[in-house]
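Residue numbering for the sequence shown follows the numbering used here, starting at 211 and increasing by one per position.
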Amino acid sequence: MKIIERDGFNRVVDVYAIYWADGLRHHLVIPHEGYNGFTVVPENKCDVVDPSINGFILRESGGGGDILVHWAAERDDLLDRLIDPPDAEAVAELERRLREDRPPELASLR
Numbered sequence: 211m212k213i214i215e216r217d218g219f220n221r222v223v224d225v226y227a228i229y230w231a232d233g234l235r236h237h238l239v240i241p242h243e244g245y246n247g248f249t250v251v252p253e254n255k256c257d258v259v260d261p262s263i264n265g266f267i268l269r270e271s272g273g274g275g276d277i278l279v280h281w282a283a284e285r286d287d288l289l290d291r292l293i294d295p296p297d298a299e300a301v302a303e304l305e306r307r308l309r310e311d312r313p314p315e316l317a318s319l320r
């Protein structure tokens, strides 16, 4: 999935996780190159430019709700490391996985 933030910069960014809170869909994204983690972009602050969620895995969030997580951020607690605090090593690992790994078969995750 890709969104374009309505922040004046109009950057198209990749979405790595999607969750719902307070009646809104929220996207976890790396807002620009060099940023060391995810930021949250609510649906009312962006436009979806590519709605594809191929490679996303449905999980239960820590708060008990649902979260869709991109396969590259899903395993080994990488998602948590990308959220808080900023972690340059976590971003490097995500980028490595995207370059080198292949998404696991969804059937094997059950």
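Where is the CB? At the ideal position from N, CA and C, for every residue including glycine.
- Task: Enumerate, from N- to C-terminal direction, the unbroken beta strand (DSSP E) stretches of 3 or more residues contained entirely within the region 211–284.
- Result: As far as the region 211–284 is concerned, its whole beta strand (DSSP E) runs of at least 3 residues are 212–215, 222–231, 234–239, 249–252, 256–260, 266–270 and 276–280.
- Query: Where does D287 sit, in a helix, a strand or coil, going by DSSP?
  - Reply: Secondary structure at D287: helix, using DSSP grouped into helix, strand and coil.
- Whole angstroms is fine: what's the gap from D276's alpha carbon to K255's? Each residue's Cα considered, the two are about 21 Å apart.
- Message: Would A227 and L278 be called neighbours here (beta carbons separated by less than 8 Å)?
- Response: For A227 and L278, yes; Cβs fall inside 8 Å.
- Query: Can you tell me the Cα-Cα spacing of L308 and W281, whole angstroms?
  - Reply: Answer to the nearest angstrom: the Cα atoms are 9 Å apart.
- Query: Using a Cβ-Cβ cut-off of 8 Å (strictly less than) and excluding sequence neighbours within five positions of S271, which residues of its own chain qualify?
  - Reply: Hits under 8 Å: Y229 and I277.
- Message: Using CA atoms only, rank isn't needed, just tell me which of A300, V259, E303 and E305 is closest to E215.
- Response: Proximity to E215 across A300, V259, E303 and E305 peaks at V259, based on C-alpha coordinates.
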